[in-house]
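Student: These protein sequences, in sequence, are chains V and L.
In terms of the numbering used here, the first sequence opens at residue 3 and continues consecutively.
In terms of the numbering used here, the second sequence opens at residue 52 and continues consecutively.
For each residue, glycine too, the CB sits at the ideal point set by N, CA and C.
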Amino acid sequence: MEWETVIGLEIHAQLNTVSKIFSGAPTAYGAEPNRQACPVDLGMPGVLPVLNQGAVERAVMLGLAINAEITPRSVFARKNYFYPDLPKGYQISQFELPIVGLGHLDIELEDGTTKRIGVTRAHLEEDAGKSLHEGFEAMTGIDLNRAGTPLIEIVSEPELRSAKEAVAYMKKLHSLVRYLDICDGNMQEGSFRCDANVSIRPKGQTEFGTRAELKNLNSFRFVERAINFEVERQIDVIESGGTVVQETRLYDPDRDETRSMRSKEEANDYRYFPDPDLLPLVVDSAFIETVREKLPELPDAKRARFVEQYGLSDYDAGVLTATREMGDFYEAVAAGCDAPKLAANWVMGEFSAALNRSEVELGEAPVNADGLAGLIARIQDETISGKIAKEVFEAMWNGEGDADAVIEAKGLKQITDTGAIDAIIDEVMANNPQQLEQYRGGKDKLFGFFVGQVMKATQGKANPAQVNERLKAKLDG
Amino acid sequence: MAQETLSGWVRKLQAREISSRELTQLYLDRIERLDPELNSFITVTAEQALAQADAADARLAQGEQAPLLGVPIAQKDIFCTEGVRTSCGSRMLDPFVSPYNATVVERMNAAGAVMLGKTNMDEFAMGSSNETSFYGPVRNPWDTGRVPGGSSGGSAAAVGARLVPGATGTDTGGSIRQPAAFCGITGLKPTYGRVSRYGMIAFASSLDQGGPMAATAEDCGRMLNAMAGFDERDSTSVERPAEDFTAGLNQDLKGLRIGLPTEFFGEAGLDERVRGVIDAAIEVLKGRGAEVREVGLPNSHLSVPAYYVVAPAECSSNLARFDGVRYGYRCENPEDLMDLYTRSRGEGFGDEVKRRIMVGTYVLSAGYYDAYYLKAQKVRRIIADDFRRAFADVDVLLAPTTPELPFALGAKADPVSMYLSDIYTIAANLAGLPAMSLPAGEIDGLPVGLQLIGNYFDEARLLGVAHQYQQETDWHTRVPAAFA
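1. Return the first residue and the last residue of the alpha helix (DSSP H) that L:S416 is part of.
2. Is it true that the region 422-438 of chain L meets the region 347-360 of chain L, where meeting means three or more beta-carbon pairs spaced less than 8 Å apart?
3. From V:I426 to V:I386, what distance separates their C-alpha atoms?
4. Any idea what DSSP makes of V:K81, helix, strand or coil?
5. According to DSSP, V:C196 sits in a beta bridge with which residue or residues?
6. Beta carbon of V:G63, beta carbon of V:V293: below 7 Å?
7. Is it right to say V:N400 is buried, meaning 16 or more other beta carbons lie within 10 angstroms of its own, or is it exposed?
8. Judging by CA-CA distance, which residue of L:L167, L:T297, L:V516 and L:D222 is the nearest neighbour of L:A332?
9. Label L:Y424 either buried or exposed according to how many other C-beta atoms from any shown protein chain fall within 10 Å of its C-beta, with 16 as the threshold for buried.
10. Within 10 Å of its beta-carbon, does L:D128 have 16 or more other beta-carbons around it, so buried, or fewer, so exposed?
11. Is L:H527 helix, strand or coil when you go by DSSP?
12. Counting only beta-carbon separations shorter than 7 Å, does V:K173 have a partner in chain L?
13. Taking only beta carbons into account, state which residues of the region 18-52 of chain V come closer than 8 Å to chain L, listed in chain order.
14. Using the beta-carbon count (16 or more within 10 Å), is L:G187 buried or exposed?
15. Please tell me whether V:Y317 has its Cβ less than 7 Å away from any Cβ of chain L.
16. By the 10 Å Cβ neighbour count, where 16 or more other Cβ atoms means buried, how is L:Y78 classified, buried or exposed?
17. Going by DSSP, name the residue or residues bridged to V:H125.
18. Would you mind working out which of L:A162, L:T297, L:L214 and L:E133 sits nearest L:T170, comparing C-alpha positions?
19. Step through the CB atoms of chain V and report whether any lies within less than 7 Å of the CB of L:I252.
20. Does the Cβ of V:N69 have 16 or more other Cβ atoms within 10 Å, making it buried, or fewer, making it exposed?
21. Please give me, in chain order, every unbroken run of the alpha helix (DSSP H) with length at least 4 that falls completely inside the region 347-433 of chain L.
22. Please decide whether V:P487 counts as near chain L, where near means a Cβ-Cβ distance under 7 Å.
23. With a threshold of 8 Å, are at least 3 pairs of Cβ atoms found where one atom belongs to the region 276-283 of chain L and the other to the region 241-251 of chain L?
24. Output, in chain order, the set of chain L residues within a Cβ distance shorter than 7 Å of V:N500.
25. What would DSSP say about L:R308, mapped onto helix, strand or coil?
26. What are the boundary residues of the alpha helix (DSSP H) that L:M487 is part of?
27. Please list the terminal residues of the continuous alpha helix (DSSP H) segment that includes L:P466.
28. Would you tell me roughly how many angstroms separate the C-alpha atoms of V:Q382 and V:Q38, rounded to the nearest one?
29. If you count every other CB in all the chains shown that lies within 10 Å of the CB of V:P368, and 16 or more means buried, which is it?
30. DSSP beta-bridge partners for V:S265?
31. Would V:S76 pass as a contact of V:I101 if the rule is Cβ separation under 7 Å?
32. Check each residue of the region 82-101 of chain V: if its Cβ is closer than 8 Å to any Cβ of chain L, include it; give the result in chain order.
33. Measure the CB-CB distance between V:Y253 and V:A269 and report whether it falls below 7 Å.
34. Contact criterion: CB-CB distance below 7 Å. Does V:D279 meet it with respect to chain L?
35. If we ignore side chains and look at the alpha-carbon of each, how far apart do V:I378 and V:Q416 end up?
36. Please name the residue or residues paired with V:D254 in a DSSP beta bridge.
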């Protein structure tokens, strides 16, 4: 039988507010345990939550960016369950009336087509603390620094049909939240996390199969592997005559498998009800408009503009707009060198390779946009060749100065003086009489040999086009 | 000496006729001597009180006039007090010393009040007799075989016996008014949102409201001036211009329209003698120019059932934080997490609290939510609508505070009969309206309370009506003989 995979993703993005969603405690990551938790975060008796407007702004930003309805009057609800790192015994979340309603996100499939994925809703909620299981001798430590960090949970429609689509959707959303600068996107630190609801059904069937919810998918790679594993598992279960049970499964990246955590029967009844400590959240159109004015250019719009304005291919424009930082960097380079296509090649090529090799973030790269633009300008004005430029770039990356300084120090300035090139050609011809005779006897292939000799003699600095032209003239003359 | 009212002490302190230290010592002595009979205090903070008194004396010497400067008061043990045990009447919080002050405590400190200690209460404010306290029942100063009412029974008994001139209370379904009535004092539950709930340990968040308890309406107005006000730490607190709640005290009653809700007089269970006291009080008010007419609150019979859905639902969630993990009571040698939870909560909470947590958990459960919680919220709206219609025709509503006299300790073993003790007070909480109780008579040596319910934010008018009544009567000046 042919099976169809049905996937819906629930993505939790930590909003990058300075303070927590319902208290004034800071949200910075990595402090000593329980040093960033005030009485409100600790769930002390008598404390009350007060909503952080910054979190609301960020949620509205996301809503606008995915063309969603912003709920004029949304409601915070309590999700009740006991867990040691959940200080109040309930999580403040949104249930029936989330701040962001139905929206959508377009993803690009491998065949180059675009698919529109519905976003069911996005709601604000508070993060829980962390349970620490190591170093407490049969006890568990509780760190409540993270408790109360604002989250937005973004729920997709079950419209993703493969692990690859799921990853494409997740990457798109990851890029979007970083464009909007509402989330740092750091997956290692848990700022951007994903749960996947996965089911299968015979191709052509309209009703959904029973789904499993996969947890602990904290990288794009894990999302893909976990879903693929789970799909295979469900097919095996059904094809061997069993039935898939609704349950929560944990992905184990070490074994590359999913394991049952709890079944539907064991699931909590969260007893949601509107939080009486918080008034309904009213977002009026004036507020929405002020947020709209703060919206940056979004990835799809930027990509289209890059094609239009810089004459880039759609693919290149896509790569260069994958993150807001990369797009900004590219535009700064292009503006500084007036050679947009060359700039695109350099940013995507040498520069990106160097970033990967050195494992540094764009903002920390030893060569900045001005530096790279300066280098490209020297290619453009023929001071150096593209080949020499790679050597110059290497030196710049190693902190040996800007392009001009490196060219000067290493004497890499391209030789464009026809007289000088002619003199070298004469010398090469004089030193290789045998090859000259063979060439003139009809062995055309030896032209490359002469080019190589000239370039060698000039340590690659001779202008290649000129070398070709002059060499041709002299050999044939 | 101890007969003097809170307002009287304010004047004497300002006139430097007595120092705050002398006054504080006077009441501390009374507490030490008389409270063993009442058990109205859980914690007495004598040393801290004297230090506060000295600080107040220094400020008085500078000519400062903060509204409660140097006046001794007590805080119900539901308000968090930094560095002082805040038990909420529960074993669960017996070991809990709050790391912060409730807004009410902060504001009263700023107003110069001297806190003598923390008063006894029903556990987590759940009860109408003060018998559910982990620290033992409070006794009614008028008859120590009887209950003082609850849940603010400690505050009511302490003020009734003049162990302190004023105390804070909280009122979720009548917890200020019913004990005020039982102990012969004046108590006001303000409009929901008037007094910050920050640091007031939550029972039922949408109903809880802190308020003053003292001998007179004037005292309550002075205290409310210090307690009330917008607090950015409480999202449900209301932002309004500052108001002087004593400003309307001398407003005469000519033309005042008083409504008598027929449902609060016709109910079976209203003690005829209580009815007689209320009728006499109505005559006094008429004599001062008030007009009286009957009004209908046709849905008031739904108040108690709706309340016993909403309040337990919210409490079941509010009390989830008491889990033995971070603070408060923890069972000995827990075997695992589930054992830690079940035994800490099983041993830390008393029966009435557990009963309400279970009811609340049930009514919020999947499949029952709509039938109970959602329906109860709809009932709240129609009850509020009843009041809205009534206040179109009248200025204040008048009714008994409770249907009967203070009952004997242990008399109401059946929880439902206990719940019915609040039959006249609960509606105001469901609607969020201000309401107060003031002493209006005595039967067999026991006080009877008169209830006034006002429109939203009409506390000043309520206090004015009560004050005018107290100009004509002396019930509010009476102190039980054993404590005179």
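Tutor: According to the structure data:
1. Premise fails: L:S416 is in no alpha helix (DSSP H) and is neither H nor E.
2. yes
3. 18 Å
4. strand
5. V:I13 and V:L219
6. The identity of residue 63 of chain V in the sequence shown is Met, whereas the question assumes Gly. Yes, they are a contact pair.
7. exposed
8. L:V516
9. buried
10. buried
11. helix
12. no
13. P41, L44, G45, M46, P47, G48, V49, L50, P51 and V52
14. exposed
15. no
16. buried
17. V:E155
18. L:L214
19. yes
20. exposed
21. 354-369, 388-399 and 402-414
22. This structure cannot speak to residue 487 of chain V, because chain V is shown only from 3 to 479.
23. yes
24. Residue 500 of chain V is absent from the structure shown; chain V starts at 3 and stops at 479.
25. strand
26. No alpha helix (DSSP H) contains L:M487, which is instead part of the beta strand (DSSP E) from A486 to I494.
27. P466 to Y470
28. 53 Å
29. exposed
30. V:E249
31. yes
32. N82, F84, P86, P89, K90, G91 and Y92
33. no
34. yes
35. 14 Å
36. V:E259
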